[in-house]
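K.L.:
2 protein chains.
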Amino acid sequence: MSTMHDVALRAGVSPKTVSRVVNGEPGVSERTREKVTAAIAELDFRPNPVARNLRTGRTGLVGLALPHLAQPYFSSLAEAIMREAERHDLTVLTELTGGDAEAELALVREHGPYLGGLLMYPVGLSDAQARTVARTVPTVFMSERAYDAPVDRVAMANREGVRAMVAHMASLGYTRIAALGADHSGLPERASAHLRLEGYRDGLRDAGLPWLPELVCEVGTPDWDRRHGAAGVRRLIEAGVRFDAVVGFADALALGALYAVREAGLRVPAEVAVAGFDDLDDARYASPSLTSVAPGTAQIAREALVLLNDRMNGTAPQDTGRLIVADFELTVRESTLGGMGGWGGA
Amino acid sequence: MSTMHDVALRAGVSPKTVSRVVNGEPGVSERTREKVTAAIAELDFRPNPVARNLRTGRTGLVGLALPHLAQPYFSSLAEAIMREAERHDLTVLTELTGGDAEAELALVREHGPYLGGLLMYPVGLSDAQARTVARTVPTVFMSERAYDAPVDRVAMANREGVRAMVAHMASLGYTRIAALGADHSGLPERASAHLRLEGYRDGLRDAGLPWLPELVCEVGTPDWDRRHGAAGVRRLIEAGVRFDAVVGFADALALGALYAVREAGLRVPAEVAVAGFDDLDDARYASPSLTSVAPGTAQIAREALVLLNDRMNGTAPQDTGRLIVADFELTVRESTLGGMGGWGGA
DNA sequence: CAGCGCATTGACATCGTTGAACTAGCGGTG
DNA sequence: CACCGCTAGTTCAACGATGTCAATGCGCTG
């Protein structure tokens, strides 16, 4: 590994001049610049980032803190972030928090000071803790939950997405649309559930449909998986509730619903339409394929890095957080629209 | 942020002594050690890893290079590695390679010298390139493909897993067991397919069943998804091949098979048994739930970090690579054993 | 009590880079 | 010609830790 000193010797200049060339600083004549550039190429010199960081205090590292990677949404978000970070010449240091406030804070305490920035999907953090985080390191949240803290945030169009979904179903003539995944706990960490329920309410109002409490189905746990989706729909059916459509607040719930609906001998979408939220691969591959709201993960990653860049450069409002809501896309498939009922041929 | 200098002032000793205490080096009296420890606690001092790295050349960073995170196997592997790395006090820097040799190499060129170690799932790398990688940074591969290079490797029990699966089916009385996902290209990067096919062959031999070429179904592409699984089984059926069981070389293939088999009006497992490999969540949630081979991801992560630790400490053979094959687990579910045919109640 | 060995501790240089301050040289100006 | 301003480049110190080596002090031995 050659150093700036080596390059300097070879080019017959001082190390500082090499530094200037490497960083594209002014004050170097064209001739010298060329000599240095040549020497750099000959020695295959690459500046040592560790030394640079020690001197400048700046790291090209950004932390990515997610609760876990098991849910497809998080792994696809992680993937999108990493690809986007690469375009910004940033290196991503990933940490899993398990959704635990203590772990979320510990991570910031431990690595925070040596990170250039932090992209976090906070779960357990309180408002006060969020402020602490933002004070320690330039931070962008990617969460549905709002914080009373001057932190930038990129969120999905939770409310608007479900609203559009309900509109879609209503436009197809469905009138008794069940909401699967409601949460009445009011806990801030269940914000997605709350926002999606509001979207459901909006959608009904837009379509002039009545709000029927018996169609609002809580699933009880923060884990939105197929099992709970199926169980929820079974409860509706056993209670004798009539419904002709189900909006799942997550694809996993909707896939469970799909199963339970057909288990009960009802055809999808002829008798009951089903839709989800997330647009997982599983939605495309389900049978019938599942209509879903794609949350614009790529855009979320893109915007998050733009916001973070601003913060890291100081080009961002100091005492206030910006909010960007990503565009969603309604992907209509067989579970609401009918169609061939399979995955097509080979 | 306090520095060793601050601590030293407060404890009335020299920075070097603080360094000794922090690193648990000998040659510090009990009394001094206590004073320093107290000062450290009072100032909440944490050594600056950047400065330490510059001086020692050692980083607590390990690279994790995976082709992507979209496939559940990789995201669960990533998760397991991160959790395990935390136990070893290592920080994980994740990079996605896209399975491209150029990207795999670029990553090593770029970050290699500043990483303490590298955990990689190589795809495109040649033997020579693998040697280059291992020469640059302590490396452990987690791949099915073997390399002619002195690199440690942790692999799944590809062959043994499928072999056990075939034994399981044979023991249930299935005799015409199709293999779904074969690959005859001989390309080294398709090693999992080759190994699993060998396991299939072993299993047949163990059970005294004949090798029937018409039961060996190639899917044609490296992408093992549901669509290709379904298409493969449809081809078998259309060709009039009789079979009473399907071993998919991946859960995605098996899930596609499940769909195609039932689409053809055949009951699972009464008429055709189906099994997969990977033990994804989807296998548990499928209907009927899918028998599968769990590849021991947690163990893979654990072993990989042990091997890597050895390499980083120099406690590892220099000119030879070690190989660890993780234990697999055969998870028997409804698709081979029958049973209630649903996910159980709420 | 001189002299040796051992245990503690400190001074200083150093890792590779960059910020601050300074110098050399040149042309222009009054 | 003295002086100024400007550019190109240099020197030096510093970021915060640690490796090397020297110094200090104490107890013990002969």
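If you're matching them up, the sequences are chains A and B in order.
Mapping the first sequence onto my numbering, position 296 (from 1) lands on 296, and the numbers just tick up by one.
Mapping the second sequence onto my numbering, position 300 (from 1) lands on 300, and the numbers just tick up by one.
All C-beta atoms in this analysis are idealised placements derived from N, C-alpha and C, irrespective of residue type, glycine included.
Quick one: any contact between the segment 139-149 of chain A and the segment 181-195 of chain A, if contact means 3 or more CB pairs under 8 Å?
P.N.:
Touching, yes, given that three or more Cβ pairs across the two stretches are closer than 8 Å.
K.L.:
Please classify G265(A): is it buried, with 16 or more other beta-carbons within 10 angstroms of its beta-carbon, or exposed?
P.N.:
Exposed, since its Cβ has fewer than 16 Cβ neighbours within 10 Å.
K.L.:
Does DSSP classify D152(A) as helix, strand or coil?
P.N.:
It is a strand residue.
K.L.:
According to DSSP, is E95(A) helix, strand or coil?
P.N.:
Strand, per DSSP.
K.L.:
Can you tell me whether S292(A) is buried or exposed, with buried defined as 16 or more other CB within 10 angstroms of its CB?
P.N.:
Buried.
K.L.:
Just to confirm my understanding: we take T37(B), look at its own chain, exclude 5 residues before and 5 after, and list those with CB closer than 7 Å. What are they?
P.N.:
Closer than 7 Å at the Cβ level, and outside the excluded window around T37(B), lie V21.
K.L.:
Could you give the DSSP three-state label for T136(B): helix, strand or coil?
P.N.:
In the structure shown, T136(B) sits in a helix (DSSP, three-state: H, G or I).
K.L.:
Quick check: what's the CA-CA separation for A230(B) versus S335(A)?
P.N.:
Going from the Cα of A230(B) to the Cα of S335(A) covers about 20 Å.
K.L.:
Short check: CB of A286(A) to CB of L330(A), under 8 Å?
P.N.:
Contact flag unset, no.
K.L.:
Does the separation of the CB atoms of R176(A) and R242(A) fall below 8 Å?
P.N.:
Yes; because the gap between Cβ atoms is below 8 Å, this pair is in contact.
K.L.:
Does A78(B) come within less than 8 Å of chain A when only Cβ atoms are used?
P.N.:
Cβ-Cβ to chain A under 8 Å: yes for A78(B).
K.L.:
Closer than 8 Å is the cut-off here; do at least three beta carbon pairs connect the segment 289-305 of chain B with the segment 265-281 of chain B?
P.N.:
They touch, by the three-pair rule.
K.L.:
Please name the residue or residues paired with V293(A) in a DSSP beta bridge.
P.N.:
Partner(s): F277(A), L330(A).
K.L.:
Could you tell me how far apart the beta carbons of A252(B) and L215(B) are, in whole angstroms, since I believe they sit closer than 8 Å?
P.N.:
Not really, about 20 Å apart at Cβ, beyond 8 Å.
K.L.:
Could you list which residues in chain B have their beta carbon closer than 8 Å to that of S383(A), in chain order?
P.N.:
Outside the displayed span of chain A (1 to 346) sits residue 383(A), for which this structure offers no information.
K.L.:
Of all the alpha helix (DSSP H) runs that stay within the bounds of the segment 50-100 of chain A, which reach a length of 4 or more residues?
P.N.:
Listed in chain order, the complete alpha helix (DSSP H) runs (minimum 4 residues) inside the segment 50-100 of chain A are 72-87.
K.L.:
Decide if N23(A) is buried, meaning its Cβ has at least 16 other Cβ atoms within 10 Å, or exposed.
P.N.:
N23(A) should be labelled exposed.
K.L.:
How is G248(B) classed by DSSP in three states: helix, strand or coil?
P.N.:
The answer is strand: DSSP assigns G248(B) an E or B state.
K.L.:
Check whether chain A comes within 8 Å of H194(B), counting only Cβ atoms and requiring the distance to be less than that.
P.N.:
No, H194(B) lies away from the interface with chain A (no Cβ there is under 8 Å from its Cβ).
K.L.:
Is E271(A) helix, strand or coil when you go by DSSP?
P.N.:
If DSSP states are grouped into helix, strand and coil, E271(A) belongs with coil.
K.L.:
Taking A164(B) as the reference, give the member of R322(B), V261(B), F249(B), V108(B) with the closest Cα.
P.N.:
Answer by Cα proximity: F249(B).
K.L.:
Less than 8 Å separating the beta-carbons of L61(A) and Y121(A)?
P.N.:
Cβ distance not < 8 Å, so L61(A) and Y121(A) don't count as in contact.
K.L.:
Helix, strand or coil: which one does DSSP assign to E144(A)?
P.N.:
Coil.
K.L.:
Find the residues of chain A that neighbour M1(B), judging by a C-beta separation of less than 7 Å, and give them in chain order.
P.N.:
Chain A residues near M1(B): P113.
K.L.:
A51(A) and L54(B): beta carbons closer than 8 Å?
P.N.:
Cβ distance < 8 Å, so A51(A) and L54(B) count as in contact.
K.L.:
Pull up the CB-CB distance for E84(B) and R302(B), whole angstroms please, since I reckon it's below 8 Å.
P.N.:
Confirmed, about 6 Å.
K.L.:
Rounded to the nearest angstrom, what separates E25(A) and V151(B) at their Cα positions?
P.N.:
Answer to the nearest angstrom: the Cα atoms are 42 Å apart.
K.L.:
Comparing the C-beta of D282(B) with each C-beta of chain A, is any distance below 8 Å?
P.N.:
Yes - at least one Cβ of chain A is within 8 Å of the one on D282(B).
K.L.:
Pull up the DSSP beta-bridge partners for A8(B), would you.
P.N.:
DSSP output for A8(B) lists no bridge partner at all.
K.L.:
Under a three-way DSSP split, which group does E303(B) fall into?
P.N.:
Helix, per DSSP.
K.L.:
Name the residues in the segment 201-233 of chain B whose C-beta lies less than 7 Å from a C-beta of chain A; which are they?
P.N.:
The residues in question are R226, R227, A230, A231.
K.L.:
Take Y174(B) and list the residues in its own chain whose beta-carbon comes closer than 6 Å to its own, dropping the five residues that flank it on each side.
P.N.:
These residues qualify, in order along the chain: D244, A245, A273.
K.L.:
Which partner residues of A358(A) appear in the DSSP bridge assignment?
P.N.:
With chain A covering 1 to 346 only, the question about residue 358(A) has no answer from this structure.
K.L.:
Cβ of S287(B) less than 8 Å from any chain A Cβ?
P.N.:
S287(B) counts as touching chain A.
K.L.:
Across which residues does DSSP place I177(B) in a beta bridge pair?
P.N.:
DSSP output for I177(B) lists A245(B) as bridge partner(s).
K.L.:
If you compare alpha carbons, which of I300(B), S2(B), V306(B), L305(B) is closest to A155(B)?
P.N.:
Checking every option, the nearest Cα to that of A155(B) belongs to I300(B).
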